[in-house]
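Keeping their order, the protein sequence lines are chains A and B.
Under our numbering, think of the first position of the first sequence as 2, with each following residue one higher.
Under our numbering, think of the first position of the second sequence as 21, with each following residue one higher.
Before any comments, here is the structure.
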Amino acid sequence: DQQVKQNSPSLSVQEGRISILNCDYTNSMFDYFLWYKKYPAEGPTFLISISSIKDKNEDGRFTVFLNKSAKHLSLHIVPSQPGDSAVYFCAASRSSGDKLTFGTGTRLAVRP
Amino acid sequence: DTGVSQNPRHKITKRGQNVTFRCDPISEHNRLYWYRQTLGQGPEFLTYFQNEAQLEKSRLLSDRFSAERPKGSFSTLEIQRTEQGDSAMYLCASSSSRDSQLSYEQYFGPGTRLTVT
Numbered sequence: 002d003q004q005v006k007q008n009s010p011s012l013s014v015q016e017g018r019i020s021i022l023n024c025d026y027t028n029s030m031f032d033y034f035l036w037y038k039k040y041p042a043e044g045p046t047f048l049i050s051i052s053s054i055k056d057k058n059e060d061g062r063f064t065v066f067l068n069k070s071a072k073h074l075s076l077h078i079v080p081s082q083p084g085d086s087a088v089y090f091c092a093a094s095r096s097s098g099d100k101l102t103f104g105t106g107t108r109l110a111v112r113p
Numbered sequence: 021d022t023g024v025s026q027n028p029r030h031k032i033t034k035r036g037q038n039v040t041f042r043c044d045p046i047s048e049h050n051r052l053y054w055y056r057q058t059l060g061q062g063p064e065f066l067t068y069f070q071n072e073a074q075l076e077k078s079r080l081l082s083d084r085f086s087a088e089r090p091k092g093s094f095s096t097l098e099i100q101r102t103e104q105g106d107s108a109m110y111l112c113a114s115s116s117s118r119d120s121q122l123s124y125e126q127y128f129g130p131g132t133r134l135t136v137t
């Protein structure tokens, strides 16, 4: 039972353009959502997060949007840079300190 | 500032052997988590500790798996009688609490890649 879903396994974007990565969830008990970035042979690196009481959180080039009614969130990267090429994981948590439930990831390739 | 460290980074073992991995969390992080990641999947939760107490274990964690955090600092994950299906990346993460508030964000180590032949 996949509670967090990333339906696009890969995405290719031109440098300087916007990258939009999507994530859907099914468990209404999730109240916090996180995005992680992963390079090969490294552990996931925390990128940005959002609480369920908000619908947007922005940090530099990265913005996460949350639509609770649709159980959908998205990560926007503007402008995209070649160094952003990595696998991006969406994760969700039911409460602070609780385990994370991850999606299967989206591989982003930013073309120079 | 040291992050989460894991040793070894790679382990190749024969089926039936026992293996043990170590995780050193960020100092003063009182929660420590173990996850497993296989090819094409996201990390899957295995177990976690609050200080030395093991609070939750996933049903993925069969009787052959055991985890400890004896002094509330580093943790070990042992797999007994390894099987080829145990081949995966084993990830450790830690999170902090400030003013008795637990953090949502978890910080991951580089992982231990296990190959069972």
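No residue lacks a Cβ here, since even glycine has one placed at the ideal position from N, Cα and C.
For clarity, every value in this text was computed on a predicted model and none was experimentally measured.
Residues of chain A with a CB under 8 Å from the CB of residue i: which are they?
| i | result |
| --- | --- |
| B:Tyr110 | Result: empty, since nearest Cβ-Cβ is about 10 Å, beyond 8 Å. |
| B:Phe85 | Simply none; closest approach about 16 Å. |
Taking residue i and residue j to be in contact with their CB atoms under 8 Å, please state how far apart those CB atoms are, rounded to whole angstroms.
| i | j | result |
| --- | --- | --- |
| B:Ala26 | B:Arg42 | With the sequence shown as reference, residue 26 of chain B is identified as Gln, and Ala is not the correct amino acid for it. Yes, they are in contact, since the Cβ atoms of B:Gln26 and B:Arg42 sit about 7 Å apart, within 8 Å. |
| A:Ser52 | A:Tyr33 | 6 Å |
| A:Gly44 | B:Leu111 | 6 Å |
| B:Lys31 | B:Val24 | Not really, about 18 Å apart at Cβ, beyond 8 Å. |
| B:Ser116 | B:Glu48 | 7 Å |
| A:Ile19 | A:Ser81 | 7 Å |
| B:Glu125 | A:Phe90 | Their Cβ separation, rounded to whole angstroms, is 13 Å, which puts B:Glu125 and A:Phe90 out of contact at 8 Å. |
| A:Asn23 | A:Asn8 | 7 Å |
| B:Phe128 | B:Ala108 | No, B:Phe128 and B:Ala108 are not in contact; Cβ-Cβ is about 15 Å, not under 8 Å. |
Can you tell me whether residue i is buried or exposed? The criterion is at least 16 other CB atoms within 10 Å of its CB, across all chains shown.
| i | result |
| --- | --- |
| A:Lys39 | buried |
| B:Arg56 | buried |
| B:Val136 | buried |
| A:Ser94 | buried |
| B:Thr58 | exposed |
| B:Thr132 | buried |
| A:Thr102 | buried |
| A:Gly17 | exposed |
| A:Val111 | buried |
| A:Asp2 | exposed |
Between which residues of its own chain and residue i is the CB-CB distance below 6 Å, once the five residues before and five after are set aside?
| i | result |
| --- | --- |
| A:Ile49 | Trp36, Asp60, Phe63 and Val65 |
| B:Thr96 | Thr40, Arg42 and Glu88 |
| B:Asp44 | Ser25 and Phe94 |
Can you list the residues of chain B that residue i reaches, using a CB-CB cut of under 8 Å?
| i | result |
| --- | --- |
| A:Thr105 | Gly60, Gln61 and Gly62 |
Apart from the five residues just before and just after residue i, which ones in its own chain have a Cβ nearer than 7 Å to its Cβ?
| i | result |
| --- | --- |
| A:Ala87 | Lys38, Lys39, Tyr40 and Leu109 |
| B:Thr67 | Trp54, Gln74, Glu76, Lys77, Ser78, Leu81 and Ala87 |
| B:Pro130 | Gln26 and Arg29 |
| A:Ser97 | none |
| A:Pro113 | Glu16 and Pro83 |
| A:Val79 | Ile19 and Arg62 |
| B:Asp106 | Ile99, Leu134 and Val136 |
| A:Met30 | Arg95 |
| B:Asp123 | A small fix is needed here, since residue 123 of chain B is Ser in this sequence, not Asp. Cβ within range, chain order: Ser115, Ser116 and Ser117. |
| A:Lys72 | Asp25, Tyr26 and Thr27 |
Residues of chain A with a CB under 7 Å from the CB of residue i: which are they?
| i | result |
| --- | --- |
| B:Leu122 | Ser97 and Gly98 |
| B:Pro130 | Glu43 and Gly44 |
| B:Ser115 | Gly98 |
Using a cut-off of 9 Å between C-beta atoms, extract the partners of residue i located in chain A.
| i | result |
| --- | --- |
| B:Glu76 | Asp99 and Lys100 |
| B:Phe65 | Lys100, Leu101, Thr102 and Phe103 |
Note down, in chain order, every chain B residue with its Cβ under 7 Å from the Cβ of residue i.
| i | result |
| --- | --- |
| A:Ser94 | Tyr124 |
Please return the same chain residues whose Cβ sits closer than 8 Å to the Cβ of residue i, not counting the five positions on each side in sequence.
| i | result |
| --- | --- |
| A:Asn68 | Asp56 and Leu74 |
| B:Gln104 | Arg35, Val136 and Thr137 |
| B:Pro90 | Glu72 |
| A:Pro10 | Thr105, Gly106, Thr107 and Arg108 |
| B:Ile46 | Thr22, Gly23, Val24, Ser114, Ser116 and Tyr127 |
For the ligand GDP, any of its heavy atoms closer than 6 Å to the Cβ of residue i?
| i | result |
| --- | --- |
| B:Glu64 | Ligands are entirely absent from the displayed structure, and the ligand GDP is therefore not among its contents. |
Exercise. Any residues in the region 29 to 56 of chain B with a beta carbon nearer than 7 Å to a beta carbon of chain A? Which ones, in chain order?
Worked result: Arg51 and Tyr53
Exercise. When Cβ atoms are compared, which residues of the region 32 to 45 of chain A fall closer than 7 Å to chain B?
Worked result: Tyr33, Leu35, Glu43, Gly44 and Pro45
For this session: Residues of the region 45 to 68 of chain A with a CB closer than 9 Å to any CB of chain B: list them in chain order, please.
Result: Cβ contacts with chain B come from Pro45, Thr46, Phe47, Ser50 and Ser52.
Problem set entry | Residues of the region 78 to 89 of chain A with Cβ closer than 8 Å to any Cβ of chain B, in chain order | Cβ contacts with chain B: none found.
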